[in-house]
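Asker: Quick note, the sequences are listed as chains A and B, same order.
Numbering of the first sequence is given in UniProt numbering, commencing with residue 1 and proceeding in unit increments.
Numbering of the second sequence is given in UniProt numbering, commencing with residue 1 and proceeding in unit increments.
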Amino acid sequence: MKTSVKTLALTGTLALILTACGDSGSGDAGGEGELVGSGSGDSCVIETPVPVGAVVSLTGAAASYGESQKKGLELALEQLTEKGGVEYDLKIEDDATDPRQGITVFEQLSEDRSAIIGPTLSNGAFQAQPIAQEAGVPVVAISNTADGITAQGDYIFRVSLTEAQVIPQTVEVAKAEYGLEKVVVMYSNDDAFTESGYKVFASALEEQGVEVLDTLTFSKADTDFRALLTEAKGDQPDAIVVSGLIEAAIPLVTQARELGIDVPIIGGNGFNNPKLMADAGEAAEGVVVGAAWNSASEGELNTAFLADFEEKFGSKPDQFAAQAYVGLAAIDAAVRSGCSGERDAIKEGLAGLTDLETVLGTLSINADRDSEHPAVVQVVEGGTFTPLN
Amino acid sequence: MQQLLNGLFLGSIYALFAIGFTLVFGILDRLNLAHPAVFAAAAFVGIELVAVGGLSIWVALPLVALFGAVLGLVIERVAFRPLKGRPDAHFAGLIGSIGLGGMVVALLLWRYGPDTRRFPADAFPSTAFEIGSARVTLLQVAILAISIVLMAGLTWLVGRSPLGRAMRAVAENPRAATVLGLNVDRVTATTFALSSALGAVAGALFAMNVNSAQLGMGSAIELKGLAVIIVGGMGSLPGALVGGLLLGLAEVFAVQYVGSSWRDLVAFGLLFLLLIVRPQGLFGSKRVREV
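(1) Apart from the five residues on each side of it in sequence, which residues of its chain come closer than 7 Å, Cβ to Cβ, to glutamine 319 (chain A)?
(2) For the ligand MG, is there any heavy atom lying closer than 7 Å to the beta carbon of proline 119 (chain A)?
(3) Of all the residues that make up the segment 260-276 of chain A, which are near chain B by a beta-carbon distance shorter than 7 Å?
(4) Terminal residues of the continuous beta strand (DSSP E) containing valine 379 (chain A)?
(5) Is the beta carbon of alanine 43 (chain B) less than 8 Å from the beta carbon of methionine 217 (chain B)?
(6) Any C-beta of chain A sitting closer than 8 Å to the C-beta of alanine 18 (chain B)?
(7) Given a threshold of 16 other Cβ atoms within 10 Å of its Cβ, counted over all protein chains shown, does lysine 347 (chain A) qualify as buried or as exposed?
(8) Using only alpha-carbon positions, find the residue among B:Gly102, B:Asn183, B:Pro125 that is nearest to asparagine 32 (chain B).
(9) What's the C-alpha gap between alanine 132 (chain A) and glycine 102 (chain A)?
(10) Can you tell me which residues form a DSSP beta bridge with arginine 158 (chain A)?
(11) Which residue spans inside the segment 79-154 of chain A form an unbroken alpha helix (DSSP H) run of at least 4?
(12) Output the boundary residues of the alpha helix (DSSP H) element that contains lysine 224 (chain B).
(13) Does the count of Cβ pairs from the segment 200-213 of chain A and the segment 366-373 of chain A closer than 8 Å reach three?
(14) Closest to valine 287 (chain A) by CA distance: which of A:Asp222, A:Phe313, A:Gln378, A:Glu310 is it?
(15) If you measure from the beta carbon of arginine 226 (chain A) to each beta carbon in chain B, is any gap under 8 Å?
(16) Please return the same chain residues whose Cβ sits closer than 7 Å to the Cβ of serine 212 (chain B), not counting the five positions on each side in sequence.
(17) Taking buried to mean at least 16 other C-beta atoms within 10 Å of its own C-beta, is glutamate 163 (chain A) buried or exposed?
(18) Take proline 99 (chain A) as the anchor and find which of A:Glu134, A:Asp191, A:Glu172 has the nearest alpha-carbon.
(19) Report the residue ranges of all beta strand (DSSP E) runs contained in full by the segment 195-251 of chain A; include only those spanning at least 3 residues, in chain order.
(20) I'd like to know if methionine 1 (chain A) contacts chain B, where contact means its C-beta is closer than 8 Å to some C-beta of that chain.
(21) Would you kindly report the start and end of the unbroken alpha helix (DSSP H) that includes residue 410 (chain A)?
(22) How far does the beta strand (DSSP E) with proline 387 (chain A) in it reach, from first residue to last?
(23) Taking all protein chains shown into account, do 16 or more other C-beta atoms lie within 10 angstroms of the C-beta of residue 404 (chain A), making it buried, or fewer, making it exposed?
(24) Under 8 Å Cβ-Cβ, which residues of chain B neighbour alanine 63 (chain A)?
(25) Can you name the start and end residues of the beta strand (DSSP E) that serine 184 (chain A) belongs to?
(26) Threonine 188 (chain B): which of B:Phe39, B:Phe80, B:Gln2 sits nearest, CA to CA?
(27) Have a look at B:Tyr257, B:Leu282, B:Ala60, B:Leu245 and flag the residue whose alpha-carbon is nearest the alpha-carbon of methionine 151 (chain B).
(28) Between the segment 86-101 of chain A and chain B, which residues of the former have CB atoms less than 8 Å from a CB of the latter, in chain order?
(29) Below 8 Å on C-beta distance, what does threonine 59 (chain A) contact in chain B?
(30) Put arginine 369 (chain A) into one of helix, strand or coil per three-state DSSP.
(31) Pull up the distance between the alpha-carbon of phenylalanine 126 (chain A) and that of arginine 113 (chain A), whole angstroms please.
(32) State buried or exposed for valine 140 (chain A), treating a residue as buried only when at least 16 other CB atoms are found within 10 Å of its CB.
(33) Which chain A residues are close to leucine 10 (chain B), counting only those with a beta carbon under 9 Å from its beta carbon?
(34) Under a three-way DSSP split, which group does leucine 363 (chain A) fall into?
(35) Once DSSP output is grouped into helix, strand and coil, what is the label at serine 26 (chain A)?
(36) Among B:Ala106, B:Glu76, B:Leu109, whose alpha-carbon lies nearest the alpha-carbon of leucine 93 (chain B)?
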């Protein structure tokens with residue numbers, strides 16, 4: 001932390017000196033000309049490190065996601081530095097899973113960063129991202145899946161798939177696989193992410209002709225679901241569909257199996273976490289999750305990512321790490337496309353991203369500034385996520 | 001039937017939490033708001049003892065109780081004793097204990113990080129019984145049994161033992177108790193230790209029961225614990241037991257018959273209704289406070 005502040009101060013002073021006495025050499029107008037380099041694409045060289053900020057939840061309810069994202073970013077940073085040509089000065093801040101703190105750090109980062117990654121939860125994104133939009137700083141959302149994130153402005157991009165993209169595929173595949181006719185839906189109704197996940201589930205189920213026997217709500221801080229699950233069990237559904245965060249998912253799944261509920265449990269993106277199997281153990285078997293990232297994908301980029309991540313951190317990456325990793329890679333691609341670390345050049349670059357090869361698959365940014373790439377539907381079998389489609 | 005059991009098990013943990021809470025309140029007339037922090041700390045310490053220390057749960061639980069007792073002594077020493085001479089000692093202690101509770105949670109954050117933690121999957125045999133159409137795990141039965149034994153033991157202790165007599169004397173009139181040669185400070189400290197030991201066991205059991213321990217788990221149950229002791233009658237041990245079970249059942253049946261979104265509204269609504277009918281609580285006696 002201390003060193004990064006020092007480096008920052010140093011680069012800041014340097015930049016001041018450079019702009020103060022070196023304006024004659026550069027042909028570029030404006031004080032931040034040193035972020036424009038020469039060459040293009042892989043041969044692009046920018047002298048000054050491009051300042052990038054990231055806001056993730058390192059403490060609070062979403063800390064387990066934020067921790068993963070931080071690791072993904074650190075790995076990406078390390079590899080981009082090795083690659084050379086363009087260096088990134090990455091500053092990772094904690095929003096404590098609190099939208100108010102998210103606003104504060106976004107304000108700070110909007111002052112001197114060329115682009116901002118984050119924040120972790122859609123809740124916080126709706127509050128914090130408009131600040132960057134106002135300041136004209138491009139934002140890359142790496143885990144927000146709620147509707148309307150990128151509609152906040154033309155500087156807001158995302159590399160994560162929306163629930164609206166993943167969930168209908170999940171329902172479709174699960175329906176075909178298990179012959180679903182009637183289900184019980186459960187969701188936590190005090191969180192923007194799980195609420196929006198619920199809405200997509202509800203409309204996907206309706207569209208595909210699956211009957212919803214009952215809809216049960218809980219709070220994101222709940223840990224005892226026995227009463228709800230008993231209620232659900234009484235309806236004798238073919239599956240239980242849940243939109244909840246991982247903190248709720250683990251006790252929910254454990255208690256469901258304990259009460260003798262053997263039907264598949266179909267989860268939203270919150271369930272897509274290796275902790276599910278680690279902590280719920282055998283109870284996690286039969287949980288179905290749609291994902292933006294296929295951990296079992298044998299693509300060259302992905303196998304390298306898995307190996308590098310495990311070597312650096314001693315644990316397996318999850319989807320959050322993978323998406324964060326891609327977030328920085330997307331910024332790098334955008335910077336290199338115009339060979340400039342200026343805000344508007346990065347914005348242009350992001351808007352034009354097509355067929356970028358990433359660990360998530362071939363990724364393009366569409367006209368809504370959302371990303372498009374294939375999703376994968378997985379089921380827990382023998383303690384690991386196995387592709388169902 | 002299953003819902004009845006769900007409510008019973010949930011309620012027994014509320015009761016165990018509330019009984020520690022109400023013990024300090026009933027005897028010392030102090031509200032110890034560091035109690036929820038003890039609840040959380042004990043769960044994390046219990047998990048560490050089993051997961052890292054490799055202890056069996058039956059060895060870990062008494063150690064957790066001991067840890068709770070020590071924490072109770074610290075709470076009394078730091079948050080209550082220095083303030084006891086003040087004219088606003090009730091309020092000062094209340095705030096002092098909130099502060100200390102916050103510090104304990106901050107220490108937990110530093111030591112364990114923000115992640116949810118769990119007992120290892122094999123910490124307790126996952127045996128389950130079928131009772132009619134309902135399922136009960138061995139763990140739940142054990143939790144109920146431990147709760148009942150602890151509550152019965154405490155009731156005996158307060159009602160029959162010399163220590164209990166001393167506690168009741170202090171509760172009646174601390175000054176008179178001093179005149180009678182009782183060491184009021186020691187009795188006070190012991191009460192805190194007992195109270196926190198119960199809270200600690202409740203925390204560890206709760207974490208096992210729901211397979212999840214979080215830093216905020218104490219504050220999630222705090223309001224319910226307060227509701228339980230008010231409904232049961234301030235300071236009444238049987239009241240806390242019945243109040244806890246009542247709240248557990250009310251929550252579960254609210255889900256069953258009213259709807260899941262209305263759970264807390266129904267549960268707390270019932271509590272208000274009960275207080276209107278019986279303001280002193282179920283087992284409370286009308287107290288006249290001398291000036």
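The beta carbon of each residue, even a glycine, is placed where N, CA and C say it ideally should be.
Answerer: Reading off the structure:
(1) Here residue 319 (chain A) refers to the residue found at position 319 when the first sequence is read from its first residue. Excluding positions up to five away in sequence, the list reads Asn272, Ala291, Ala292, Trp293.
(2) Absence of the ligand MG is noted for the structure shown, with no ligands found whatsoever.
(3) Gly260
(4) Sequence index remark: in the first sequence, residue 379 (chain A) carries index 379 (1-based). Counting along the chain, the beta strand (DSSP E) containing valine 379 (chain A) begins and ends at 376-381.
(5) Residue numbering aside, residue 43 (chain B) sits at position 43 when the second sequence is read from its first letter. Residue numbering aside, residue 217 (chain B) sits at position 217 when the second sequence is read from its first letter. Their beta carbons are under 8 Å apart, which means alanine 43 (chain B) touches methionine 217 (chain B) by this criterion.
(6) In the second sequence, counting from the first residue as 1, residue 18 (chain B) sits at position 18. Answer no: the Cβ-Cβ gap between alanine 18 (chain B) and chain A never drops below 8 Å.
(7) Numbered from 1 along the first sequence, position 347 holds the residue referred to as residue 347 (chain A). Label assigned to lysine 347 (chain A): buried.
(8) Here residue 32 (chain B) refers to the residue found at position 32 when the second sequence is read from its first residue. Of the candidates B:Gly102, B:Asn183, B:Pro125, the one whose C-alpha sits nearest the C-alpha of asparagine 32 (chain B) is B:Gly102.
(9) By one-based count along the first sequence, residue 132 (chain A) stands at place 132. By one-based count along the first sequence, residue 102 (chain A) stands at place 102. In a straight line, the C-alpha of alanine 132 (chain A) is about 11 Å away from that of glycine 102 (chain A).
(10) Locating residue 158 (chain A) in the first sequence gives position 158, where the first residue counts as 1. Looking at the DSSP assignment, arginine 158 (chain A) forms a beta bridge with A:Ala141.
(11) 99-112, 122-135
(12) Counting from 1 along the second sequence, the entry for residue 224 (chain B) is found at position 224. Taken as a continuous stretch (DSSP letters only), the alpha helix (DSSP H) holding lysine 224 (chain B) covers 217-232.
(13) no
(14) Numbered from its first residue, the first sequence carries residue 287 (chain A) at position 287. Of A:Asp222, A:Phe313, A:Gln378, A:Glu310, the residue nearest in Cα terms is A:Gln378.
(15) In the first sequence, residue 226 (chain A) corresponds to position 226, counting from 1. Chain B, which has a Cβ nearer than 8 Å to the Cβ of arginine 226 (chain A), makes this yes.
(16) Start at 1 with the first residue of the second sequence, and residue 212 (chain B) comes out as number 212. Correct list, in chain order: Thr116, Arg118.
(17) Mapped onto the first sequence, residue 163 (chain A) falls at position 163. When all chains shown are included, glutamate 163 (chain A) counts as buried.
(18) Along the first sequence, one-based indexing puts residue 99 (chain A) at 99. Comparing Cα positions, the closest option is A:Asp191.
(19) 211-218, 239-243
(20) Start at 1 with the first residue of the first sequence, and residue 1 (chain A) comes out as number 1. Bear in mind that a pLDDT of 48 at methionine 1 (chain A), under 50, signals an unreliable position, so the model cannot answer this.
(21) The structure shown does not extend to residue 410 (chain A), since chain A is modelled only from 1 to 389, so the question has no answer here.
(22) Taking the first sequence and counting its residues from 1, one reaches residue 387 (chain A) at position 387. Start and end: 384-387.
(23) The question about residue 404 (chain A) has no answer here: the residues shown for chain A are numbered 1 through 389.
(24) Along the first sequence, read from residue 1 onward, the residue named residue 63 (chain A) stands at position 63. Per Cβ cutoff of 8 Å: Gly113, Pro114, Asp115.
(25) As a working note, residue 184 (chain A) is residue 184 in the first sequence. At residue 184 (chain A) the sequence reads valine, which differs from the serine that was named. Where valine 184 (chain A) is concerned, the enclosing beta strand (DSSP E) stretches over 182-188.
(26) For the purposes of this step, residue 188 (chain B) is taken as residue 188 along the second sequence, with counting starting at 1. It is B:Phe80.
(27) Working through the second sequence from its first residue, we reach residue 151 (chain B) at position 151. When each option's Cα is compared against that of methionine 151 (chain B), the closest is B:Leu245.
(28) none
(29) Counted from its first residue, the first sequence places residue 59 (chain A) at position 59. Those are Leu109, Pro114, listed as they occur along chain B.
(30) Here residue 369 (chain A) refers to the residue found at position 369 of the first sequence. Looking at arginine 369 (chain A) - three-state DSSP - the assignment turns out to be coil, as it is neither helix nor strand.
(31) Along the first sequence, read from residue 1 onward, the residue named residue 126 (chain A) stands at position 126. Along the first sequence, read from residue 1 onward, the residue named residue 113 (chain A) stands at position 113. Near 20 Å, if we compare the C-alpha coordinates of arginine 113 (chain A) and phenylalanine 126 (chain A).
(32) For the purposes of this step, residue 140 (chain A) is taken as the residue at position 140 of the first sequence. With 16 or more other Cβ atoms within 10 Å, it is buried.
(33) What you label residue 10 (chain B) is simply residue 10 of the second sequence in a count that begins at 1. Here the neighbours are Asp224, Arg226, Ala227.
(34) As a working note, residue 363 (chain A) is residue 363 in the first sequence. Strand, per DSSP.
(35) On the first sequence, residue 26 (chain A) is found 26 positions in, with the first residue counted as 1. Only weak support exists for where serine 26 (chain A) lies, its pLDDT of 35 falling under 50; the coordinates are left without a value.
(36) Position 93 of the second sequence, counted from the start, is the residue given in the question as residue 93 (chain B). In the sequence as presented, leucine is not what sits at residue 93 (chain B); that position holds glycine. Comparing Cα-Cα distances from glycine 93 (chain B) to each of B:Ala106, B:Glu76, B:Leu109, the minimum goes to B:Glu76.
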